[in-house]
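Protein chains in written order, with full-length UniProt numbering: chain A, 1 to 259; chain B, 1 to 322.
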Amino acid sequence: MSLAAEAFVSQMAAAEPWPENATLYQPLKEDQILLSDSASSFAVQAYLRMCGLPVQVVCRANAEYMSPSGKIPFIHVGNQVVSELGPIVQFSKAKGHSLSDGLDDVQRAEMKAYMELVNNMLLTAELFVQWCDETTVSQITRCRYGKPYSWPLNLILAYQKQWEVRRKMNAIGWGGKTVEQVYEDVSQCCQALSQRLGTQPFFFGKHPTELDALVFGHLFTILTTQLTNTELMDRVKSYSNLLSFCRRIEQTYFDSKDS
Amino acid sequence: MAAPDELFCWEGDWGLPSVSTDCLVVLAYAQFAGAPLKVRKICNPWRSPSGSLPAFRTSQKETLSRTSDIIIHLRKQKFNADYDLSAKEGADSLAFISLMEEKLRPALIYAFWIEPKNYVDVTRRWFAEHMPFPLNFFLPGRMQSQQLEKLRLLQGDERLEAGEELEKELFRDATECMDLLSQRLGSQKFFFGDSPSSLDAYVFGHLAPILRCKLPNGKLQQHLRSLDNLTNFCSNILLLYFPRDGRDGCSQKSPPQPEAGDFDNVPNKRRKQLLSALVALGAMLSYALLTGIVSIQHIQQEALEEPPDPEDIRSHEEEGDG
Numbered sequence: 001m002s003l004a005a006e007a008f009v010s011q012m013a014a015a016e017p018w019p020e021n022a023t024l025y026q027p028l029k030e031d032q033i034l035l036s037d038s039a040s041s042f043a044v045q046a047y048l049r050m051c052g053l054p055v056q057v058v059c060r061a062n063a064e065y066m067s068p069s070g071k072i073p074f075i076h077v078g079n080q081v082v083s084e085l086g087p088i089v090q091f092s093k094a095k096g097h098s099l100s101d102g103l104d105d106v107q108r109a110e111m112k113a114y115m116e117l118v119n120n121m122l123l124t125a126e127l128f129v130q131w132c133d134e135t136t137v138s139q140i141t142r143c144r145y146g147k148p149y150s151w152p153l154n155l156i157l158a159y160q161k162q163w164e165v166r167r168k169m170n171a172i173g174w175g176g177k178t179v180e181q182v183y184e185d186v187s188q189c190c191q192a193l194s195q196r197l198g199t200q201p202f203f204f205g206k207h208p209t210e211l212d213a214l215v216f217g218h219l220f221t222i223l224t225t226q227l228t229n230t231e232l233m234d235r236v237k238s239y240s241n242l243l244s245f246c247r248r249i250e251q252t253y254f255d256s257k258d259s
Numbered sequence: 001m002a003a004p005d006e007l008f009c010w011e012g013d014w015g016l017p018s019v020s021t022d023c024l025v026v027l028a029y030a031q032f033a034g035a036p037l038k039v040r041k042i043c044n045p046w047r048s049p050s051g052s053l054p055a056f057r058t059s060q061k062e063t064l065s066r067t068s069d070i071i072i073h074l075r076k077q078k079f080n081a082d083y084d085l086s087a088k089e090g091a092d093s094l095a096f097i098s099l100m101e102e103k104l105r106p107a108l109i110y111a112f113w114i115e116p117k118n119y120v121d122v123t124r125r126w127f128a129e130h131m132p133f134p135l136n137f138f139l140p141g142r143m144q145s146q147q148l149e150k151l152r153l154l155q156g157d158e159r160l161e162a163g164e165e166l167e168k169e170l171f172r173d174a175t176e177c178m179d180l181l182s183q184r185l186g187s188q189k190f191f192f193g194d195s196p197s198s199l200d201a202y203v204f205g206h207l208a209p210i211l212r213c214k215l216p217n218g219k220l221q222q223h224l225r226s227l228d229n230l231t232n233f234c235s236n237i238l239l240l241y242f243p244r245d246g247r248d249g250c251s252q253k254s255p256p257q258p259e260a261g262d263f264d265n266v267p268n269k270r271r272k273q274l275l276s277a278l279v280a281l282g283a284m285l286s287y288a289l290l291t292g293i294v295s296i297q298h299i300q301q302e303a304l305e306e307p308p309d310p311e312d313i314r315s316h317e318e319e320g321d322g
């Protein structure tokens, strides 16, 4: 979001409290949503539940196109639409709900750095596996992405998106990597997260922050999504404290409130 | 004994061993880990084994281009600057490196390659002056389009253009990142104690060009200068690990601007202009004399008292020509 737009949104946000009818939009859960989008969506849902803010999840086939920035998920609150975790955190902060107020400067720096680590490594790895690994693309991604559309639109859109993601991978230097190397990177990232978490219940002590929401979103999705092989899932499973972390958050924030 | 590994990197300037961030990261890491590298500073990316710089040729003739791959290779050769780090410090390294890649790198690309004044006055000029003929005509332009493409893909916006709003957004992220790095560094000499690690190499590689290169639009430099601990950190590394390059930079300040700032920096401009004018005048005069358009007459003393006859003059001319 541009600076001016952000300032405007913050001002508008501060004016009203969080309404009861806030909705979160994402693609269809059963047959359309992809790994990376599902991870981002769970991250936002976890964050909002941690803040105690009520939100309804609505699945729409064209969620990607409704979103103001083109990314999933986005929330519709009052008369504003905000997408992606970063802006949503700012938005809820403007309304007076924040999870990271209790952190000091050094901890906040670490939190931001680890969030970037997850975005840089885990999210990119998810995108790579789902769009640049031929087996996954042909067996899973292409038919899921184009599910709501008829032939030939489903193929055209899928190829277009694949081409776009491939260009991005080349730009950031991941173009020449093999899937094995990407799995290694995921392991490295999980190891770093596992080290940081240690034996604490959350990353910064006893209370969750947006970093916990983000990590939960990604790890939970990897652990529960069926891909062509279980390599990715196994790599994450080898870190037991991360597994119990995901389970704990799922039980605390999702099971009790789910209908 | 196998041949040592070779590193091809961009030349240096402004007191730095190299002008490119990636090259600086690899050079710094090699110095920290004590790796014996044969460094070849070139200005022609087509001469590098991979077509781009930095390029690392191992003793087994394999070529690596990504900085992370090069550092992993050096670690495998037992040149590990992160040996003393605890597991948590290693994790923090990874996190802060990601932070810099996401927040600081786009602003660097913008400041050096996309911002119009900076690109025309500094970046393009530097590359055009240092590259060999005929690459200097088209390669800087091509590099700029590549960097713009990269920035567009990083930001996820296909229609990104240089502009004030984009600049504000990128620089805001970059200043926030620099503040976070400054907070993490605190008053320590290096990020993890007394000996430098790979995170120090990455931070140095990103911040040194901002600190040393004098850009017309220098907002990033201003902000960096206000963070004393980061400024001292960079200067410290230059002093300790790159003394030769640092000294050259200090003795040679940014080239003195001529009075007319827009003029190209051609030496002895006035003298050359005067010489060219004289040569042209001489050529024209000799042509005129030789073809008879102008002639020099020797007028006798008596003839000066009366106005000369036009016929007399014509006959004198004929005599003169003959």
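Every residue, glycine too, gets a C-beta built ideally from N, C-alpha and C. Treat the numbers as computed from the prediction; the structure is a model and nothing was measured.
- For Ile-140(A), no beta strand (DSSP E) segment is defined, and its DSSP state is neither H nor E.
- Rounded to the nearest angstrom, the Cβ distance from Leu-74(B) to Ala-30(B) is 7 Å, consistent with a contact under 8 Å.
- Its Cα nearest to that of Arg-60(A), the residue Ile-72(A) stands out among Glu-164(A), Leu-211(A), Ile-72(A), Ser-194(A).
- From the listed residues Leu-207(B), Gln-273(B), Tyr-241(B), Asn-268(B), the smallest Cα separation to Thr-21(B) is found for Leu-207(B).
- Less than 7 Å divides the Cβ of Pro-196(B) from the Cβ of Phe-32(B).
- In chain order, Leu-227, Asn-229, Leu-230 place their CB closer than 8 Å to the CB of Ser-182(B), counting only its own chain and leaving out the 5 sequence neighbours on each side.
- Shown here, Ser-69(A) sits in coil according to DSSP, grouped into three states, outside any helix or strand.
- With a threshold of 16 other beta carbon atoms within 10 Å, Gly-163(B) falls short and is exposed.
- Closest in C-alpha terms to Glu-184(A), from the list Pro-201(A), Ile-33(A), Asn-170(A), Ser-238(A), comes Ser-238(A).
- Sixteen is the threshold: when 16 or more other Cβ atoms of the shown chains lie within 10 Å of the Cβ of Tyr-202(B), as they do, the residue is buried.
- Using a Cβ distance threshold of 7 Å, Phe-56(B) and Ile-70(B) count as a contacting pair.
- The beta carbon of Arg-212(B) sits closer than 6 Å to those of Trp-14, Gly-15, Leu-16, all from its chain and outside the five residues before and after it, given in chain order.
- With contacts defined as CB atoms closer than 7 Å, Thr-209(A) and Met-111(A) qualify as a contacting pair.
- If only complete runs of 4 or more residues are kept, the segment 83-151 of chain B shows the alpha helix (DSSP H) at 87-99, 105-109, 124-130, in order along the chain.
- Secondary structure at His-76(A): strand, using DSSP grouped into helix, strand and coil.
- Secondary structure within the segment 79-149 of chain A: the beta strand (DSSP E) runs of 3 or more consecutive residues, fully enclosed, are 80-83 (chain order).
- In this structure, the beta-carbon distance from Phe-220(A) to Asp-212(A) does not fall below 7 Å.
- Excluding five sequence positions before and after His-130(B), the CB atoms of its chain that fall closer than 7 Å to its own CB belong to Glu-11, Cys-43, given in chain order.
- Close to Ala-87(B), with beta-carbon spacing below 7 Å, are these residues of chain A in chain order: Gln-195.
- Along the segment 239-255 of chain A, there is no position whose C-beta sits under 7 Å from a C-beta of chain B.
- The alpha-carbon of Leu-99(A) is positioned some 7 Å away from that of Cys-51(A).
- Proximity to Ser-86(B) across Ala-22(A), Ala-192(A), Glu-64(A), Phe-216(A) peaks at Ala-192(A), based on C-alpha coordinates.
- DSSP places Cys-43(B) in no alpha helix (DSSP H); its state is neither H nor E.
- At the C-beta level, Arg-235(A) and Ser-187(A) come within 7 Å of one another.
- For Tyr-25(A), the three-state secondary structure derived from DSSP is strand.
- Residue nearest to Ser-98(B) within the set Ser-92(A), Gly-102(A), Gly-86(A), Asn-119(A) is Asn-119(A) (criterion: CA-CA distance).
- Within the segment 146-170 of chain B, Glu-149, Lys-150, Leu-153, Leu-154, Gly-156, Glu-165, Lys-168, Glu-169 place their CB atoms closer than 8 Å to a CB of chain A, listed in sequence order.
- DSSP lists Arg-57(B) as the beta-bridge partner residues of Thr-63(B).
- Counting only the Cα atoms, Ala-63(A) lies some 8 Å from Phe-74(A).
- Here the segment 58-69 of chain B does not lie against the segment 137-146 of chain B, with fewer than 3 beta-carbon pairs under 8 Å apart.
- Less than 7 Å divides the Cβ of Thr-23(A) from the Cβ of His-76(A).
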